[in-house]
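Numbering (the numbering used here), first residue to last: 882 to 1662. For each residue, glycine too, the CB sits at the ideal point set by N, CA and C. Inspection log for the structure reproduced underneath, given as structure tokens.
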């Protein structure tokens, strides 16, 4: 009896499937039981599987965290305070904190299989009710009477309704809890639509050259070696002449130097409260949620350590270890190159970085060190403003019958190739000297990382170049590193967001424009080489803007590489086309809206109107509103499909038919129609410009009226005269029209929030007036 099932199972093995089994047959009168513990991996296959492996998970409840907080408050931190070396002080603090954290954490086994797994809304009461339903069913099968059938079906139908209600309430609550997290929302939606969240499974083997790696401890080492060497390999490929190696020559030396003032307790509280409630754990198995819960008990030793760090100019070594999680991007899953590293840094390092960043930003802003063309990682700057700056220049050239040629530069792994020595030279010129420069050196140098996949960890490896990924200060260091690129050319217009760089050259004579752009690109290539940044010429594209009837042949060659000419390109998440008509981007948005509407259609039976509207705000509204100030004011025929799709979504939210009138539905949901959304977002830009909240490049687009006497319309702006319809649809013209049409009481709002509230109220009142005009009886009632 036992051999037949065993042979059947062993017969499943073939050339590319390996099974190891330990069998313990137990024979009874009727059944043969085989208990097996087996491990399967498929070489062509698919995923590592360990069926019966016991997995333990650390959980931290409110009760245990309260106990930890109380113990930390009572803890004597004298051993930390006696150290004058910041590394020793931090190690002493970390040792105490981790010991108490481990003491107040629960370790639970999570591999138990439950038939209700995947149905978390099944409460104990519902599970008991299902048992009773099964009992009634067995009773009906046994008796086969009308009474037993009626009793069973009545109970079953009632239970089905209750279960649906519980399921609906469960998902409503889960979506409400995750309303601020797109990742959390999609995790919940996947559990509704696909019966489970998407998992980050890894294949059963990886390829490194011609070698096949199947052991996970070798896989993690392979990943770490690949991620560590990306930057150095790219930097080694760049050859620079000895004469051209000088860096920072374009930087004017700042006579002032930055000073690090002492850290106060309130600063630490404010920074910690402003950090996101993330549960991802660092290399010490600490997450930010835990830190936020117990901050009262550790704020004093942290203040001592942070002040010691600033005084010594040393960033604690234990804070410089990064845990790397490889995340699959696209392409062949068995190749290391198709994964991107997600870095999880020390939770306490994030606090220290934020403290330094506050002082860093104050110094940079005070001395205006950053170029105006840089829009990335700066206060009061965004992708919207960067695109606005670029498109205003392009439409201005087209309006004045000039040729406008844009080049979209592509850098290979820009953040990973930053040379530490060059960075330090540049920062010293900007005014970061003495202890501050020592602290920055300590921060960027001698960092380490390891890769972790499930319970497998790689060896620690040293990071030779690049700024820390996933850090607070890393992006700031990078924009300071490339800041002097804008001084390479005095002819080109630069629009930069972090490493996304666009250069624009314009002129009346086409041949002159072509010669200038070619010459300037050669100078830029030399600058990139000197700064050890790898310019990917094969992925660098150029575009000639305008609607020219005559076909113009253009060739731009840099270092014997001919750049590719394109008619559309994605820049900062928006698809720009050479005619600046936005048809390509609108098609892209339409596709995203279709997916969002499909999701609403699938989940509408599980969720109420309020939750469906929340999903609309998470899945559709971001695509409709992202940079809509730039692309939304176009020909009505272009945006008509978006208007129709928005109405379809509003009908789904309100559970109405496909021909239902949408005006009352917009009023009920307090949603704004797309054409009004364009105006709503556009006039906010002008309000901020008038209040001095935007960079000078944007503010100068909107001119005050000359001779501002005390007459009606005194808050209106000057409307410039233009030649083309395309320019009339740009924000500098159409935006001014929208602004001038606003009521004065809205324009004089004291702050941006009050401005938005008043404006939205005005728009919704317009919908009500339109509805009343359609239904006069409703007004009389």
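Subject >> Reference residue 1548, options 1017, 1651, 1045 and 1345, closest by Cα >> reply: Along the chain shown, one-based indexing puts residue 1548 at 667. It is 1651.
Subject >> Helix, strand or coil at residue 1224 [DSSP, three-state] >> reply: Numbered from 1 along the chain shown, position 343 holds the residue referred to as residue 1224. Note: residue 1224 maps to strand in three-state DSSP.
Original post:
Are the region 1025-1038 and the region 1466-1480 in contact at 8 Å, needing three or more beta carbon pairs?
Top reply: no
Original post:
Among residues of its own chain, excluding the 5 on either side of residue 927, which ones have a beta-carbon nearer than 6 Å to its beta-carbon?
Top reply: By 1-based counting over the chain shown, the position of residue 927 is 46. Annotation note: pLDDT 41 at residue 927 (below 50); position unreliable, coordinate value reported separately. Correct list: empty, nothing qualifies.
Original post:
How long is the line joining the alpha carbons of residue 1287 and residue 1277, rounded to whole angstroms?
Top reply: As a position in the chain shown, residue 1287 is number 406, starting the count at 1. As a position in the chain shown, residue 1277 is number 396, starting the count at 1. Whole-angstrom Cα-Cα distance: 14 Å.
Subject >> 3 or more residues per run - each beta strand (DSSP E) lying fully within the region 1207-1258 >> reply: 1220-1225
Original post:
Using the rule of at least 16 other Cβ atoms within 10 Å of the residue's Cβ for burial, across every protein chain shown, is residue 1025 buried or exposed?
Top reply: Taking the first residue of the chain shown as position 1, residue 1025 is located at position 144. That one is exposed.
**OP:** Write down the C-beta distance between residue 1200 and residue 1230 rounded to the nearest angstrom, noting that I regard them as a contact closer than 8 Å.
**Re:** Here residue 1200 refers to the residue found at position 319 when the chain shown is read from its first residue. Here residue 1230 refers to the residue found at position 349 when the chain shown is read from its first residue. About 4 Å; that satisfies the 8 Å criterion.
**OP:** Report back the beta-carbon spacing between residue 1487 and residue 1066 to the nearest angstrom; my notes put them in contact at under 8 Å.
**Re:** The residue you call residue 1487 lines up with position 606 of the chain shown. The residue you call residue 1066 lines up with position 185 of the chain shown. That pair is no contact at about 14 Å.
Original post:
Helix, strand or coil: how does DSSP classify residue 1458 here?
Top reply: Here residue 1458 refers to the residue found at position 577 when the chain shown is read from its first residue. Reduced to three states, the DSSP call for residue 1458 is strand.
Original post:
What are the residues that DSSP puts in a beta bridge with residue 1092?
Top reply: Stepping through the chain shown from its first residue, residue 1092 is reached at position 211. According to DSSP, which records beta bridges pairwise, residue 1092 is partnered with 1089.
**OP:** Please name the residue in 1299, 1366 and 1365 whose C-alpha comes closest to that of residue 1348.
**Re:** As a working mapping, residue 1348 is identified with position 467 in the chain shown. Minimum Cα distance to residue 1348 is reached at 1299.
Original post:
Counting only runs that start and end within the region 1536-1604, where is the beta strand (DSSP E) found for 3 or more residues in a row?
Top reply: none
**OP:** For my contact list, residue 1163 and residue 1340 are in at a C-beta cut-off of 8 Å; report their separation, rounded to the angstrom.
**Re:** For the purposes of this step, residue 1163 is identified with residue 282 of the chain shown, where counting begins at 1. For the purposes of this step, residue 1340 is identified with residue 459 of the chain shown, where counting begins at 1. Contact doesn't hold; Cβ gap of about 18 Å is too wide.
Subject >> Of the residues 1410, 1279 and 1087, the one placed nearest residue 1209, counting alpha carbons only >> reply: Within the chain shown, the letter at position 328 stands for residue 1209. Ranking 1410, 1279 and 1087 by Cα distance to residue 1209 puts 1087 first.
Original post:
At what residue ranges does the region 1381-1438 contain a whole run of the beta strand (DSSP E), taking only runs of 3 or more?
Top reply: 1381-1388 and 1422-1426
Original post:
Can you tell which of 1343, 1411, 1386 and 1263 has its C-alpha closest to the C-alpha of residue 1306?
Top reply: As a first step, residue 1306 must be located in the chain shown, where it is residue number 425. Checked all of 1343, 1411, 1386 and 1263; the closest Cα to residue 1306 is 1411.
Original post:
residue 1626: which of 1596, 1524 and 1213 sits nearest, CA to CA?
Top reply: Here the question's residue 1626 lines up with position 745 in the chain shown. When only C-alpha atoms are compared, the closest one is 1596.
Original post:
Quick one: Cα of residue 1116 to Cα of residue 1406, how far?
Top reply: Along the chain shown, read from residue 1 onward, the residue named residue 1116 stands at position 235. Along the chain shown, read from residue 1 onward, the residue named residue 1406 stands at position 525. Taking the straight line from one Cα to the other gives about 14 Å.
**OP:** Take the Cβ of residue 1216 as the centre, count every other Cβ of all protein chains shown within 10 Å, and call the residue buried at 16 or more, exposed below.
**Re:** The residue you call residue 1216 lines up with position 335 of the chain shown. By the neighbour-count rule (16 or more Cβ atoms within 10 Å), residue 1216 is not buried but exposed.
Original post:
Which stretch, first to last residue, makes up the beta strand (DSSP E) that contains residue 1331?
Top reply: Along the chain shown, one-based indexing puts residue 1331 at 450. Unbroken beta strand (DSSP E) run through residue 1331: 1328-1334.
Original post:
What whole-angstrom Cβ distance do residue 1330 and residue 1344 have, given they're in contact under 8 Å?
Top reply: The residue labelled residue 1330 in the question sits at position 449 within the chain shown. The residue labelled residue 1344 in the question sits at position 463 within the chain shown. Right, the Cβ-Cβ distance comes to about 6 Å (below 8 Å), so this counts as a contact.
Original post:
In whole angstroms, what is the alpha-carbon distance linking residue 967 and residue 1403?
Top reply: For the purposes of this step, residue 967 is identified with residue 86 of the chain shown, where counting begins at 1. For the purposes of this step, residue 1403 is identified with residue 522 of the chain shown, where counting begins at 1. Roughly 47 Å separates the two Cα atoms.
**OP:** Could you check if residue 979 is buried or exposed, using at least 16 other CB atoms within 10 Å of its CB as the buried criterion?
**Re:** The count along the chain shown starts at 1 and reaches residue 979 at position 98. Answer is exposed; the Cβ neighbour count stays below 16.
Original post:
Does the distance from the CB of residue 876 to the CB of residue 940 come in under 8 Å?
Top reply: In the structure as shown, the chain starts at 882 and stops at 1662, and residue 876 therefore has no counterpart that could be examined.
**OP:** Mind the definition here: the region 1135-1152 touches the region 1178-1192 only if three or more C-beta pairs lie below 8 Å; say whether that holds.
**Re:** yes
Original post:
Which same chain residues, not among the five before or five after residue 1604, have their C-beta less than 7 Å away from its C-beta?
Top reply: On the chain shown, residue 1604 is found 723 positions in, with the first residue counted as 1. Excluding positions up to five away in sequence, the list reads 1280.
Original post:
What distance in whole Å lies between the Cβ atoms of residue 1185 and residue 1250, which are believed to be in contact at a cut-off of 8 Å?
Top reply: Numbered from its first residue, the chain shown carries residue 1250 at position 369. Numbered from its first residue, the chain shown carries residue 1185 at position 304. Not quite, the Cβ-Cβ distance comes to about 31 Å (not below 8 Å), so this is no contact.
**OP:** Would you tell me roughly how many angstroms separate the C-alpha atoms of residue 1648 and residue 1545, rounded to the nearest one?
**Re:** In the chain shown, residue 1648 corresponds to position 767, counting from 1. In the chain shown, residue 1545 corresponds to position 664, counting from 1. If I take the Cα positions, the gap works out to 8 Å.
**OP:** Taking residue 1294 and residue 1112 to be in contact with their CB atoms under 8 Å, please state how far apart those CB atoms are, rounded to whole angstroms.
**Re:** Your numbering for residue 1294 matches position 413 in the chain shown. Your numbering for residue 1112 matches position 231 in the chain shown. Rounded, the Cβ-Cβ distance is 6 Å, consistent with contact.
Original post:
Can you tell me the Cα-Cα spacing of residue 1137 and residue 1616, whole angstroms?
Top reply: Taking the first residue of the chain shown as position 1, residue 1137 is located at position 256. Taking the first residue of the chain shown as position 1, residue 1616 is located at position 735. Answer to the nearest angstrom: the Cα atoms are 41 Å apart.
Subject >> Three-way DSSP call (helix, strand, coil) for residue 1001 in this model >> reply: Looking up residue 1001 in the chain shown gives position 120. Coil at residue 1001, not helix or strand.
Original post:
Which value, in whole angstroms, describes the spacing of the CA atoms of residue 1482 and residue 1003?
Top reply: Locating residue 1482 in the chain shown gives position 601, counting from the first residue. Locating residue 1003 in the chain shown gives position 122, counting from the first residue. Each residue's Cα considered, the two are about 24 Å apart.
Original post:
Is the number of C-beta pairs between the region 1366-1383 and the region 1230-1240 that are closer than 8 Å three or more?
Top reply: no
Original post:
Exposed or buried, what is residue 1655 when buried is set at 16 or more other beta-carbons lying within 10 Å of its beta-carbon?
Top reply: The count along the chain shown starts at 1 and reaches residue 1655 at position 774. Exposed, because fewer than 16 other Cβ atoms sit within 10 Å of the Cβ of residue 1655.
Subject >> Rounded straight-line distance, which links the Cα of residue 948 to that of residue 955 >> reply: As a working mapping, residue 955 is identified with position 74 in the chain shown. As a working mapping, residue 948 is identified with position 67 in the chain shown. Those two C-alpha atoms are separated by around 11 Å.
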